[in-house]
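Trainee:
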Amino acid sequence: MNDNSENEIIWTGDLNDDCTARWAGLMLRAEWMDGPHWWWAVSDMATGEQIISSNNDPQECTSGTSARERAEKAAREWYPRMTNWKPAVPELQHSSPPFLTHGLPTELTRVMAGYGFRPVADLSGIPDAVLLLKRQTWNTNRAIVVVCPGSPPTSLHDYMRQLRSSVAFRCRFLPVLWGIGIQVVLISPGLAQRGIDPSQHVARFDNQWAIVQSIFLVDPDAGTHQEARSWGQYVTGKFQDAISKILFLRHAKALFIQAVRATAHLPSMLRERAADVTGLEMHSFDASYLEFLDTQILLSPRGPEWTALLRARRAALQPFCDISLLRGRVHIGDTDFTVQIHPQTKAVVHWEQHDNAA
Numbered sequence: 033m034n035d036n037s038e039n040e041i042i043w044t045g046d047l048n049d050d051c052t053a054r055w056a057g058l059m060l061r062a063e064w065m066d067g068p069h070w071w072w073a074v075s076d077m078a079t080g081e082q083i084i085s086s087n088n089d090p091q092e093c094t095s096g097t098s099a100r101e102r103a104e105k106a107a108r109e110w111y112p113r114m115t116n117w118k119p120a121v122p123e124l125q126h127s128s129p130p131f132l133t134h135g136l137p138t139e140l141t142r143v144m145a146g147y148g149f150r151p152v153a154d155l156s157g158i159p160d161a162v163l164l165l166k167r168q169t170w171n172t173n174r175a176i177v178v179v180c181p182g183s184p185p186t187s188l189h190d191y192m193r194q195l196r197s198s199v200a201f202r203c204r205f206l207p208v209l210w211g212i213g214i215q216v217v218l219i220s221p222g223l224a225q226r227g228i229d230p231s232q233h234v235a236r237f238d239n240q241w242a243i244v245q246s247i248f249l250v251d252p253d254a255g256t257h258q259e260a261r262s263w264g265q266y267v268t269g270k271f272q273d274a275i276s277k278i279l280f281l282r283h284a285k286a287l288f289i290q291a292v293r294a295t296a297h298l299p300s301m302l303r304e305r306a307a308d309v310t311g312l313e314m315h316s317f318d319a320s321y322l323e324f325l326d327t328q329i330l331l332s333p334r335g336p337e338w339t340a341l342l343r344a345r346r347a348a349l350q351p352f353c354d355i356s357l358l359r360g361r362v363h364i365g366d367t368d369f370t371v372q373i374h375p376q377t378k379a380v381v382h383w384e385q386h387d388n389a390a
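Here the numbering used here is used: the first residue of the sequence shown is 33, the next is one more, and so on.
(1) Taking C-beta to C-beta, are residue 291 and residue 373 nearer than 8 Å?
(2) Give the single residue among 331, 388, 306 and 276 whose Cα lies nearest to the Cα of residue 285.
(3) Taking its Cβ as the centre, do 16 or more other Cβ atoms sit within 10 Å of residue 193, making it buried, or is it exposed?
(4) Near residue 7, which residues of its chain fall below 6 Å by C-beta distance, leaving aside the five closest residues on each side in sequence?
(5) Which term fits residue 309, buried or exposed, when burial requires 16 or more other beta carbons within 10 angstroms of its beta carbon?
(6) Does DSSP put residue 337 in a helix, a strand or coil?
(7) On the premise that residue 203 lies in contact with residue 152, defined as a C-beta separation below 8 Å, what is that separation, rounded to the nearest angstrom?
(8) Hey, quick one: how far does the alpha helix (DSSP H) through residue 139 stretch, first residue to last?
(9) Spell out a yes or no on whether the segment 90 to 106 and the segment 53 to 73 are touching, meaning 3 or more CB-CB pairs, one atom from each, closer than 8 Å.
(10) Alpha carbon to alpha carbon, how far is residue 157 from residue 385? Give it in angstroms, no decimals.
(11) Identify the continuous alpha helix (DSSP H) that holds residue 366 and give its terminal residues.
(12) According to DSSP, simplified to helix, strand and coil, what is residue 388?
(13) Quick check: the segment 228 to 244 against the segment 206 to 219, are there 3 or more CB pairs under 8 Å?
(14) Taking the Cβ atom as the reference point for each residue, do residue 107 and residue 55 lie within a distance shorter than 8 Å?
(15) Compute the distance between the beta-carbons of residue 227 and residue 183, then report whether it is under 8 Å.
(16) Alpha carbon to alpha carbon, how far is residue 248 from residue 360?
(17) Output the distance between the C-alpha atoms of residue 381 and residue 314, rounded to the nearest integer angstrom.
(18) Locate the beta strand (DSSP E) running through residue 212, then write down its first and last residues.
(19) Rounded to the nearest angstrom, what separates residue 154 and residue 364 at their Cα positions?
(20) Tell me whether the beta-carbon of residue 272 lies closer than 8 Å to the beta-carbon of residue 232.
(21) Hey, would you say residue 278 sits closer than 8 Å to residue 139, going by beta carbons?
(22) Where does the unbroken beta strand (DSSP E) through residue 248 begin, and where does it stop?
(23) So the alpha helix (DSSP H) residue 289 belongs to, where does it begin and stop?
(24) For residue 41 versus residue 104, is the C-beta spacing smaller than 8 Å?
(25) Quick one: what's residue 164 bridged to in DSSP?
(26) From residue 26 to residue 150, what distance separates their C-alpha atoms?
(27) Applying the 10 Å Cβ sphere with the 16-neighbour rule, what's the burial state of residue 166?
(28) Please say whether residue 61 and residue 86 have beta carbons closer to each other than 8 Å?
(29) Relative to the C-alpha of residue 8, which residue among 301, 217 and 282 is closest?
(30) Specify the secondary structure class of residue 151 as computed by DSSP and reduced to three states.
(31) Would residue 224 pass as a contact of residue 200 if the rule is Cβ separation under 8 Å?
(32) Quick one: give me the first and last residue of the alpha helix (DSSP H) that residue 224 is part of.
(33) Within the continuous alpha helix (DSSP H) that includes residue 197, where are the two ends?
(34) With DSSP run on the structure shown, which of helix, strand or coil describes residue 108?
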């Protein structure tokens, strides 16, 4: 966001009908509607998302001047919330590996800003909260909360009920007309040992005021996470996908580094630079790929050395047909390494080295 908040807000267009102003990365708009009624709104220019408008304001505007003044006031109130907030992230003493939780609130804030989410500075009354984001438009009301209890709650059902209520009242909602949908990221060591089914803690029906639409259970000690979502969410699904991707990539990177560094037969420079991995993804193949390799081996288009390489690849991949493997790439100088890891056994099952030097 452009840091020009000290500049004067200058309106352009027809001040008696429809006018706009650009200020500090925000778009302000005031528009004459009908009779004495005026509408105003403030939007984020980076995302195009509307932040607030006269639809959320009980004070009616009856002139262009008052509409512009209300928009300017709203913009100046919102700007500090969008730029000066820094997350208070607790030290997770038992976080191993640290990739799963270190800097997670900061990354969530950055990524979800692209979807119109903004941080809420006041976390009082929300148990164990380290981050609260909200996205509110004229027809949607969504929140993301990250909580870090020191140990798994004795009754997760009661904990979630209290969390749902406190988030809803902190972010605000209107029953029936403008209910709030909440995404919960719960980080606590020992969660994996509790055998919790996350699907039991998302909404099964719409109570018309506040529901938990998705939950992400993160165990920093085990380096794992589980998730569940409520029924189909056309709008919210992309938000949930973004959260899921962040957690997956953090878990995948930790798993990749651990597996590569523990595999003694890999080149030393690869094991040393494992943290530079890129392009992490779950990759699967079926028996048709083995058939393709068989054809290439039979034809031997590049000579005996290439054929031997194909035979080795086929032998390595045969046991893993129809199993999703974690694949990542490490680029070192003129050399590219591709490594595939079994996510359950955490073992390297196949790796390739490609030298790109001319």
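Ideal placement from N, C-alpha and C gives every residue a C-beta, glycine not left out.
Mentor: Well, looking at it:
(1) To locate residue 291, count along the sequence shown from 1; it is residue 259. To locate residue 373, count along the sequence shown from 1; it is residue 341. Yes; because the gap between Cβ atoms is below 8 Å, this pair is in contact.
(2) Residue numbering aside, residue 285 sits at position 253 when the sequence shown is read from its first letter. Checking every option, the nearest Cα to that of residue 285 belongs to 306.
(3) Counting from 1 along the sequence shown, the entry for residue 193 is found at position 161. Result: exposed.
(4) Since the first residue shown for the chain is 33 and the last is 390, residue 7 is missing from the structure and cannot be characterised.
(5) What you label residue 309 is simply residue 277 of the sequence shown in a count that begins at 1. Counting Cβ neighbours within 10 Å, residue 309 comes out buried, since at least 16 surround it.
(6) As a working mapping, residue 337 is identified with position 305 in the sequence shown. Note: residue 337 maps to helix in three-state DSSP.
(7) Within the sequence shown, residue 152 is the residue found at index 120, counting from 1. Within the sequence shown, residue 203 is the residue found at index 171, counting from 1. So it is a contact: roughly 7 Å between Cβ atoms.
(8) Position 107 of the sequence shown holds residue 139. Looking at the DSSP string, the run of the alpha helix (DSSP H) that includes residue 139 is 136 to 145.
(9) Between the segment 90 to 106 and the segment 53 to 73, the count of C-beta pairs closer than 8 Å reaches three or more; the two stretches touch.
(10) Residue numbering aside, residue 385 sits at position 353 when the sequence shown is read from its first letter. Residue numbering aside, residue 157 sits at position 125 when the sequence shown is read from its first letter. Taking the straight line from one Cα to the other gives about 54 Å.
(11) Taking the sequence shown and counting its residues from 1, one reaches residue 366 at position 334. Neither: residue 366 is in no alpha helix (DSSP H) and is coded neither H nor E.
(12) As a working note, residue 388 is residue 356 in the sequence shown. If DSSP states are grouped into helix, strand and coil, residue 388 belongs with coil.
(13) Yes, the segment 228 to 244 touches the segment 206 to 219.
(14) By 1-based counting over the sequence shown, the position of residue 107 is 75. By 1-based counting over the sequence shown, the position of residue 55 is 23. Yes. Within cutoff.
(15) Against the sequence shown, residue 227 aligns to sequence position 195. Against the sequence shown, residue 183 aligns to sequence position 151. Their beta carbons are not under 8 Å apart, which means residue 227 does not touch residue 183 by this criterion.
(16) Along the sequence shown, read from residue 1 onward, the residue named residue 248 stands at position 216. Along the sequence shown, read from residue 1 onward, the residue named residue 360 stands at position 328. In a straight line, the C-alpha of residue 248 is about 24 Å away from that of residue 360.
(17) Within the sequence shown, the letter at position 349 stands for residue 381. Within the sequence shown, the letter at position 282 stands for residue 314. In a straight line, the C-alpha of residue 381 is about 14 Å away from that of residue 314.
(18) For the purposes of this step, residue 212 is identified with residue 180 of the sequence shown, where counting begins at 1. Per DSSP, residue 212 belongs to the beta strand (DSSP E) from 212 to 219.
(19) Walking along the sequence shown from the start, residue 154 turns up at place 122. Walking along the sequence shown from the start, residue 364 turns up at place 332. Distance between the alpha carbons of residue 154 and residue 364: 45 Å.
(20) Within the sequence shown, numbered from 1, the residue matching residue 272 stands at position 240. Within the sequence shown, numbered from 1, the residue matching residue 232 stands at position 200. Contact flag unset, no.
(21) Locating residue 278 in the sequence shown gives position 246, where the first residue counts as 1. Locating residue 139 in the sequence shown gives position 107, where the first residue counts as 1. A contact, by the Cβ cut-off of 8 Å.
(22) Position 216 of the sequence shown, counted from the start, is the residue given in the question as residue 248. Where residue 248 is concerned, the enclosing beta strand (DSSP E) stretches over 242 to 251.
(23) Here the question's residue 289 lines up with position 257 in the sequence shown. Looking at the DSSP string, the run of the alpha helix (DSSP H) that includes residue 289 is 269 to 293.
(24) Counting from 1 along the sequence shown, the entry for residue 41 is found at position 9. Counting from 1 along the sequence shown, the entry for residue 104 is found at position 72. Yes, the pair counts as a contact, with Cβ atoms nearer than the cut-off.
(25) As a first step, residue 164 must be located in the sequence shown, where it is residue number 132. Answer by DSSP bridge pairing, in chain order: 177.
(26) Because residue 26 is not part of the residues shown, which for the chain are 33 to 390, the question remains open.
(27) As a position in the sequence shown, residue 166 is number 134, starting the count at 1. Under this definition residue 166 is a buried residue.
(28) In the sequence shown, the residue the question calls residue 86 occupies position 54. In the sequence shown, the residue the question calls residue 61 occupies position 29. Against a cut-off of 8 Å, the Cβ pair of residue 61 and residue 86 comes out as no contact.
(29) There is simply no residue 8 to check, as the chain begins at 33 and stops at 390 in what is shown.
(30) For this step, residue 151 is matched to residue 119 along the sequence shown. In this structure, residue 151 counts as strand in the three-state DSSP scheme.
(31) Walking along the sequence shown from the start, residue 224 turns up at place 192. Walking along the sequence shown from the start, residue 200 turns up at place 168. No.
(32) To locate residue 224, count along the sequence shown from 1; it is residue 192. Where residue 224 is concerned, there is no enclosing alpha helix (DSSP H), because DSSP gives it neither an H nor an E.
(33) For the purposes of this step, residue 197 is taken as the residue at position 165 of the sequence shown. First-last of the alpha helix (DSSP H) with residue 197: 188 to 203.
(34) The residue labelled residue 108 in the question sits at position 76 within the sequence shown. Helix at residue 108.
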